Ligand SMILES: *[C@@H]1O[C@H](CO)[C@@H](O)[C@H](O)[C@H]1NC(C)=O
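Residue numbers (this note's numbering): 19 to 389.
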């Protein structure tokens, strides 16, 4: 009896040992293969590891997983059809010699004749992306909505899926225009603020709030613009990138010391005189929802901190945007073709005027703001 039990114990011991070795071996194999897959997919999906980190930051915050969960291979699957076009030059004169088309951190600056829209369209078509265009029609600015939407239908992201996100306190005054297939109007009712400066600054907070609850589920890229504008030439997928800004039409040729950055060191928008690359316009920026979330959050929080101290940066939201871009370099930059005011005339380097300020009487539009 005792001997039988002894044998049984020894057999049992061997079995436990074998089971342990098997579990350990399979665990190790699984762990390695899993880790290997994770690393390789990150390399393919993301232009840099930073993006993955951003994504995880935000995921913790908002628990939404659109881009990677629904179609983790969306970028890997892109395959170009047969296309016929002139061979790109590896050596030889560049297409533009009058402007800089690349920043020192290798972000492209988008000027006419530096890109092939056919190639880019194929790429983004294959990815079946949705572009969200946000604009604010607060108070009297609602009068700009019709021209804005009509011209966007004609020139903005033609052939791609577009969600227009019009923030307004006057939803009844937003015209219900017929839209082309794949394009939808979302009217987002928001409150207004007494002063135009505050209306302008709160845009960051509102974009941030709705990116978190809505845009991240509905769009692959966000384009955030002013509404007192009209599209007057092609604005397409060439602008899309992780995070992009636009050269302000009044400052693209200017020196650093003439930029209207916030120069009071008490403000969180402060930029020291020996820093800053460009002066970016507050009226045209964008990127992936993840990046726009980070940007708008940073700008809004800095504004609120300043507000507590009784400071408001010299150019409101634009000052905070410029500060953000000093330390978070845009991955693409749009030339002033994408934000022009005819009051500034024409220039030989400006081969296209794609998005133009609608002439308006600032005083008339803004004086009624306090109603
Ligand atoms: C944004 O969201 C926060 C938190 O939910 C809220 O307190 C705030 O009022 C919202 N801001 C705007 C402008 O809607």
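Idealized CB from N, CA, C, for every residue including glycine.
As the structure is a computational prediction, the values presented were derived from the model and not from experiment.
Rounding to the nearest angstrom, what Cα-Cα distance links residue i and residue j in this structure?
i: residue 124; j: residue 369; result: 23 Å
i: residue 287; j: residue 296; result: 15 Å
i: residue 383; j: residue 176; result: 31 Å
i: residue 201; j: residue 193; result: 15 Å
i: residue 254; j: residue 105; result: 22 Å
i: residue 319; j: residue 144; result: 37 Å
i: residue 197; j: residue 171; result: 7 Å
i: residue 132; j: residue 113; result: 6 Å
i: residue 271; j: residue 363; result: 15 Å
i: residue 327; j: residue 279; result: 19 Å
i: residue 337; j: residue 103; result: 42 Å
i: residue 146; j: residue 283; result: 45 Å
i: residue 317; j: residue 335; result: 7 Å
i: residue 165; j: residue 249; result: 9 Å
i: residue 29; j: residue 97; result: 58 Å
i: residue 266; j: residue 302; result: 9 Å
i: residue 252; j: residue 352; result: 13 Å
i: residue 33; j: residue 306; result: 54 Å
i: residue 324; j: residue 139; result: 42 Å
i: residue 263; j: residue 281; result: 21 Å
i: residue 358; j: residue 375; result: 6 Å
i: residue 331; j: residue 292; result: 19 Å
Hey, would you say the C-beta of residue i is under 7 Å away from at least one heavy atom of ligand 1?
i: residue 223; result: yes
i: residue 208; result: yes
i: residue 100; result: no
i: residue 220; result: yes
i: residue 379; result: no
i: residue 360; result: no
i: residue 340; result: no
i: residue 227; result: yes
Applying the criterion that 16 or more other CB atoms from any shown protein chain within 10 Å of the CB defines a buried residue, is residue i buried or exposed?
i: residue 247; result: buried
i: residue 221; result: buried
i: residue 44; result: exposed
i: residue 42; result: exposed
i: residue 162; result: buried
i: residue 101; result: exposed
i: residue 289; result: buried
i: residue 40; result: exposed
i: residue 360; result: exposed
i: residue 213; result: exposed
For residue i, report the span of its alpha helix (DSSP H) as first-last.
i: residue 138; result: 135-144
i: residue 1; result: What is shown of the chain runs 19 to 389, which leaves residue 1 out entirely.
i: residue 279; result: Segment: none, residue 279 is in no alpha helix (DSSP H) and carries neither H nor E.
i: residue 314; result: 307-326
i: residue 166; result: 163-173
Taking the beta strand (DSSP E) that residue i belongs to, which residues open and close that run?
i: residue 152; result: 148-155
i: residue 7; result: Past the edges of the chain, shown from 19 to 389, lies residue 7, and the structure says nothing about it.
i: residue 158; result: Neither: residue 158 is in no beta strand (DSSP E) and is coded neither H nor E.
i: residue 350; result: 350-352
i: residue 180; result: 179-186
Any heavy atom of ligand 3 closer than 7 Å to the beta-carbon of residue i?
i: residue 139; result: This structure simply doesn't include ligand 3; it includes ligand 1 instead.
Beta strand (DSSP E) segments (min. 3 residues) lying fully within the region 204-277
239-243, 247-249 and 261-264
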